[in-house]
Every structure is written in structure tokens, then in C-alpha cells.
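Chemist:
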Ligand SMILES: Nc1ncnc2c1ncn2[C@@H]1O[C@H](COP(=O)(O)OP(=O)(O)O)[C@@H](O)[C@H]1O
Ligand SMILES: [Mg+2]
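Numbering (the numbering used here), first residue to last: 100 to 435.
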């Protein structure tokens with residue numbers, strides 16, 4: 100079975116009661132190790148299809164099989180896990196975390212990956228990826244100190260940190276000049292030669308020509324393809340295993356989850372220290388909220404105990420409220 104198999108995929112958006120069909124009966128297969136460009140004009144449904152392929156969005160109908168697993172039948176948690184383990188994303192706008200070093204940006208996906216190995220191991224993997232995209236001397240820079248092309252290369256390194264089998268790139272060169280575009284496309288071709296399956300979304304014919312195969316989409320319908328062209332790179336044969344040069348250091352599940360937890364705490368602490376003002380204001384908000392709740396509870400408790408004391412002062416420990424009892428001057432006459 101092909102690595103990616105889409106059968107009659109449809110996607111409909113309902114906006115203000117009007118339904119718009121954005122993808123119609125998309126049937127497509129992509130083999131392991133292919134480098135495919137998805138081409139189409141603006142609004143043709145490229146991003147919608149990429150979001151379905153990247154498990155970021157669910158199709159309205161049809162079936163999506165990825166590496167032999169039915170993605171359309173998975174729970175949101177399983178899809179998120181699959182996304183983290185098998186997929187890497189590169190976007191037009193880089194989507195790097197500001198005020199976070201290049202190295203920490205690349206390490207970020209591991210915070211959600213329970214089997215990502217020890218911190219030093221992950222760090223050396225991130226460093227080697229950054230060296231590979233030509234940023235070995237920029238590990239501690241912040242994204243704002245880099246050019247667009249450099250930022251996109253950081254995003255590529257981040258997409259590769261979990262050694263994904265499929266790399267999805269949505270207009271990755273849309274914000275880059277032609278020289279930087281060539282550099283980025285060359286990196287994609289190299290990765291493809293090493294066995295990574297790549298889906299590159301673009302509206303630019305020149306960019307698409309770097310791929311081994313072009314799939315065209317128009318108004319949500321995938322057009323029939325012509326005869327296959329020669330591949331851009333010597334891609335791995337279909338269904339060949341993707342080389343995974345580094346161990347992911349799975350180990351014992353309990354140790355893995357401890358490591359994952361530690362990494363999450365580290366990430367949370369780093370985030371807090373980096374945004375001290377925001378953290379202080381959030382804490383102040385929480386303190387005021389909790390104090391208000393405690394005050395309300397105490398006022399309630401105070402009035403309840405004062406009522407109980409009043410009842411006790413009347414020489415009773417129960418207050419009977421009887422239906423239909425006549426009352427005058429605040430005193431009940433009773434009803435029998
Ligand atoms: N969340 C959404 N809600 C409603 N319509 C959407 C949504 N996302 C995309 N669309 C519509 O779907 C069509 C295809 O969008 P998109 O997949 O982003 O196209 P492309 O990436 O090819 O430019 C557009 O007409 C767009 O307005
Ligand atoms: Mg788009």
C-alpha cells in the first residue's frame with residue numbers, strides 16, 4: 100500500500116449557513132520517498148488539502164490512510180501523537196517562537212514527544228541539524244536577529260528534529276527572495292535524497308519544478324496527472340524504510356514519561372522567565388480571583404452561622420417551614 104492514500108476526500112466549510120465545498124472527491128497516492136509539489140492558484144484548496152494530510156484538519160468525507168493507518172478513524176489524541184512522531188511542518192511565515200533561541204526553537208517539538216531521549220542527546224541532534232542547514236554559528240541568536248532565509252532554515256531544522264517520515268511545507272519560499280528560495284529548495288532536495296517524503300505546496304511553477312512530481316489542484320479538484328517525469332533526486336524506492344540515523348532513546352515507558360515531564364517543566368520555566376511581566380500580571384490576576392472566591396465563601400459562611408445562631412437563640416435547633424400555615428406579626432399560628 101502507498102505511504103499516503105487519499106480516497107474521495109471532501110472538505111466542506113459552513114459559513115453563515117452557506118456550505119462551501121473546498122475539496123471534492125480528492126483521490127491521490129504518494130509513495131514513500133517521493134518529492135511532490137502540490138500546485139494551484141490562490142484559493143484552489145492547497146492549504147486545506149495540506150491540513151488534511153498533516154492531520155491538522157479532518158476531512159468531511161472520504162478516507163485517509165497514512166503508513167497503513169486509517170487517520171480518519173483516529174481520535175484527536177492519536178492524530179496529535181501521529182503528527183508529532185511522523186510529520187514535520189514548514190510554513191510560509193516560519194512560525195518561530197520570538198524571544199527564544201534558535202536552538203530552543205528547534206528543540207521545541209520534543210517537549211511534546213515522550214520518547215525523545217535525554218536532553219544532551221536531543222541538544223546534540225538539534226545542533227547537528229542546525230549545522231546541516233548552515234546555522235551552526237547561530238545557535239543562541241533569536242529569530243529577530245536572523246534573515247528570512249535563515250529563519251526558514253531554523254524552521255526546517257525544527258521540522259526535522261523528530262526525524263519525520265513526511266515533511267509538509269506550505270509555500271515555504273513565499274516570503275523569500277530567489278537566491279534564498281534556491282538554497283531552501285536545495286535543502287529539500289537533499290532531504291528527499293536521504294529518504295524523507297516531501298509534499299511542497301506552491302503556486303509558483305519554478306518552485307514546483309524542483310520536485311519529482313507535480314500534482315495540480317483547481318477549485319478543490321485534483322487534476323489528472325501526466326506521465327511521470329524523472330525525479331529531482333534519486334529518491335528512495337517506494338516503501339523502503341526511512342533511514343533514522345539517531346536513536347530516539349525510547350527506553351522504559353516510565354522513564355520516558357518522566358523525561359517528557361521534565362522537559363515540559365523546563366519549557367514552562369523558560370517561558371515564565373522569558374516573559375516575566377506577563378507572568379507577574381497573570382499571577383496577580385489569579386491571586387485576585389482566588390481572594391475574591393475566598394471572600395465570597397467566607398461572607399456566605401458568616402451569614403449562615405449568624406442565622407444558625409439566631410435559630411439557636413430561639414431555643415431550637417430546627418426551623419420548621421410548614422405549608423399553608425397562617426402567620427401574623429411574624430409568628431406562625433401553626434396548621435396542625
Ligand atoms: N476555515 C475556513 N472556513 C471557511 N472557508 C475556508 C476556510 N479555510 C479555507 N476556506 C476557503 O477554502 C478555499 C480554499 O482555501 P485554501 O485551502 O486556503 O486555498 P489555497 O491554499 O490554495 O490558497 C478558499 O476559498 C477559502 O476561502
Ligand atoms: Mg494556502
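Glycine is no exception: its CB is placed at the ideal position from the N, C-alpha and C atoms.
1) Quick check on the burial criterion: 16 or more other C-beta atoms within 10 angstroms. Buried or exposed for residue 387?
2) Short check: CB of residue 245 to CB of residue 239, under 8 Å?
3) Would you identify the three-state DSSP class for residue 113, choosing helix, strand or coil?
4) Within the same chain, show all residues whose beta-carbon is closer than 7 Å to that of residue 282, passing over the 5 residues directly before and after it, in chain order.
5) With distances taken between CB atoms, is the gap from residue 75 to residue 269 smaller than 8 Å?
6) Work out the CA separation of residue 299 and residue 262 for me, nearest whole Å.
7) How would you call residue 117, buried or exposed, if buried means at least 16 neighbouring beta carbons within 10 angstroms?
8) Applying the criterion that 16 or more other CB atoms from any shown protein chain within 10 Å of the CB defines a buried residue, is residue 203 buried or exposed?
9) Could you name the residues of the same chain whose beta carbon sits closer than 8 Å to that of residue 141, not counting the 5 residues immediately before and after it, in chain order?
10) Considering residue 301, what are the terminal residues of the beta strand (DSSP E) in which it resides?
11) Let's test the definition: count the other Cβ atoms within 10 Å of the Cβ of residue 132 and tell me whether it reaches 16, buried, or not, exposed.
12) Compute the Euclidean distance between the alpha carbons of residue 382 and residue 104, then round it to the nearest angstrom.
13) In whole angstroms, what separates the C-alpha of residue 293 from that of residue 115?
14) What three-state label does DSSP hand residue 164 in the structure shown?
15) At a Cβ threshold of 8 Å, is residue 307 touching chain B?
16) Going by DSSP in three states, residue 395 sits in which element: helix, strand or coil?
17) Is residue 321 near ligand 1, judged by its Cβ being under 7 Å from some heavy atom?
18) For residue 119, which option in 391, 379, 319 has the closest C-alpha, if you only look at C-alpha atoms?
19) Looking at the structure shown, is residue 274 part of a helix, part of a strand, or coil, going by DSSP?
20) Hey, residue 144 and residue 121: beta-carbon distance below 8 Å or not?
Modeler: Here's the rundown:
1) exposed
2) no
3) It is a strand residue.
4) 248
5) This structure cannot speak to residue 75, because the chain is shown only from 100 to 435.
6) 17 Å
7) exposed
8) buried
9) 302
10) That run of the beta strand (DSSP E) goes 296–301.
11) Under a 10 Å Cβ-count criterion, residue 132 is classified as buried, with 16 or more other Cβ atoms of the shown protein chains found around its own Cβ.
12) 48 Å
13) 47 Å
14) Strand, per DSSP.
15) Absent here is chain B; the protein component of the structure consists of one chain.
16) helix
17) no
18) 319
19) coil
20) yes
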